[in-house]
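These notes concern the structure reproduced below.
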Amino acid sequence: MFFSFISFVILVVAVLINVAFFTLLERKILGLSQFRKGPNKVSYGGVLQPIADAVKLFLKEGAWLEKVNTKVFMLAPGLALGLSLLSWSALPLNILEFDYAFLVLLLVMSLGLYPVLLAGWASNSGYAMVGGLRSVAQTISYEVSLSLIFLSYLVLVCSLNFTAMSELTRTPLVLLTAGIFILWLISGLAETNRTPFDFAEGESELVSGFNVEYGGGGFALIFMAEYSSILFFSAMSSLLLGLGAPMNSGGFMGLLAVGYFWVWARVTLPRYRYDMLMGLAWKGILPLSLAVLSFVISVM
29 MFFSFISFVI
39 LVVAVLINVA
49 FFTLLERKIL
59 GLSQFRKGPN
69 KVSYGGVLQP
79 IADAVKLFLK
89 EGAWLEKVNT
99 KVFMLAPGLA
109 LGLSLLSWSA
119 LPLNILEFDY
129 AFLVLLLVMS
139 LGLYPVLLAG
149 WASNSGYAMV
159 GGLRSVAQTI
169 SYEVSLSLIF
179 LSYLVLVCSL
189 NFTAMSELTR
199 TPLVLLTAGI
209 FILWLISGLA
219 ETNRTPFDFA
229 EGESELVSGF
239 NVEYGGGGFA
249 LIFMAEYSSI
259 LFFSAMSSLL
269 LGLGAPMNSG
279 GFMGLLAVGY
289 FWVWARVTLP
299 RYRYDMLMGL
309 AWKGILPLSL
319 AVLSFVISVM
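Its first residue numbered 29, the sequence shown is counted upward by one per residue in the working numbering.
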């Protein structure tokens, strides 16, 4: 048990380091897409820019509003990052092996909406509260579809453990998963509040949404939680493609490819309207995911 705990701590440190340099990769891609260089001043090629940003944010003095619920306001960012990092324990990384990893992941994902709601409520700001409520509605809507998409894969591999998914590409059943994977990517973009579904932080109408009152360390923790979730969904996507966990070369390359897709979507796609987003969830992706699950069960 002690060695499992130490291994999980090492995993957390590795994820946080990857989060830092994934933000650098994103800023480089955004710069190239807009015909500019991106970060290039701090050390060689801007490699240490994420470290400089982290030091700046955590040393920055926080601004406290008069009517903020202080305890909840301080708790929400740490809780968001903790739940985001805990979701990594469901992956088959030979650290914490769960026989029912699917249920563990659903539990952690369902708890992930509470920090957003708490942050919006405790800020005592209209913009933050609206952003939190919109994020909760969006997350709940797409978690239903994500659960059904997961179930389709689990029915194919006949297991609740994600380790069996690495065997999926060695069977003819992989032909059934192309359409399911597209639904997974769309739902993953919405679940992580990324463009074109970033309504929880829509700068044009919410002035950054639920985290508008956060600065310094609190903002940094929320920022890290978001990018940890992006990397987790990229790793899970690699697993669903049958490339394996990020511990091997195929899984790592799959993680990079899907991570690049997340950044590409931010560069390329315009933001949806909120009513179109909810309509897509309940009238588009949910019926399709139900139909796919029914078809997979009938085939098996």
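Just so it is clear, CB atoms sit at the ideal spot from N, CA and C, and this is done for glycine as well.
From a predicted model like this one, the values you see are computed outputs, not experimental measurements.
Exposure label - S26; buried when at least 16 CB within 10 Å: This structure does not reach residue 26, given that the chain is present from 29 up to 328, and the question cannot be answered.
Residues of its chain near A80, where Cβ-Cβ distance is below 6 Å and the 5 sequence neighbours each way are ignored: V70
Boundaries of the alpha helix (DSSP H) in which T220 is found, first to last residue: Premise fails: T220 is in no alpha helix (DSSP H) and is neither H nor E.
CB contact below 9 Å: G245 versus chain C: Of the protein chains in this structure there is only one, and it is not chain C.
Alpha-carbon to alpha-carbon, A309 and L44: Roughly 31 Å between the two C-alpha positions.
At least three beta-carbon pairs within less than 8 Å, the region 90-104 to the region 147-155: In short, these stretches touch, since the Cβ pair count reaches three.
Reference F251, options V132, Y302, A82, closest by Cα: A82
N-terminal and C-terminal residue of the alpha helix (DSSP H) that V144 is part of: 141-150
Alpha-carbon to alpha-carbon, S257 and L179: 20 Å
Inter-residue spacing [alpha-carbon to alpha-carbon] between F280 and M304: 34 Å
Cβ shell of S262 (< 6 Å), same chain only, five flanking positions each side left out: L283, V286, G287
Own chain, CB closer than 8 Å to V183, minus 5 neighbours either side, in chain order: L321, V324, I325, M328
W212 versus S112: straight-line alpha-carbon distance, rounded: 18 Å
P298, DSSP secondary structure in three states: In the structure shown, P298 sits in coil (DSSP, three-state: anything other than H, G, I, E or B).
Contacts around S266, its chain only, beta-carbon distance under 6 Å, and the 5 residues preceding and following it disregarded: Correct list, in chain order: G279, G282, L283.
Of the residues Y142, F86, T51, G207, the one placed nearest S317, counting alpha carbons only: G207
Buried/exposed call for T51, threshold 16 Cβ in 10 Å: buried
Per-residue DSSP class, three states only, for W92: coil
For F225, three-class secondary structure by DSSP: The answer is coil: DSSP assigns F225 none of H, G, I, E or B.
Cut-off 6 Å between Cβ atoms - residues of its own chain near L271, not counting five sequence neighbours on either side: Answer for L271: G278, G279, G282, listed in chain order.
Buried or exposed (CB count within 10 angstroms, at least 16 for buried), V291: buried
Residue environment, G140, which counts as buried when at least 16 other CB atoms sit within 10 Å: buried
Which listed residue (L268, I313, G246) has its alpha carbon closest to that of L85: G246
Length of the line joining the Cα atoms of Y128 and V295: Distance between the alpha carbons of Y128 and V295 is about 37 Å.
A248 beta carbon less than 9 Å from that of P355: Since the first residue of the chain shown is 29 and the last is 328, residue 355 is not available in this structure.
Test item: CB-CB of F225 and Y300 under 9 Å: yes
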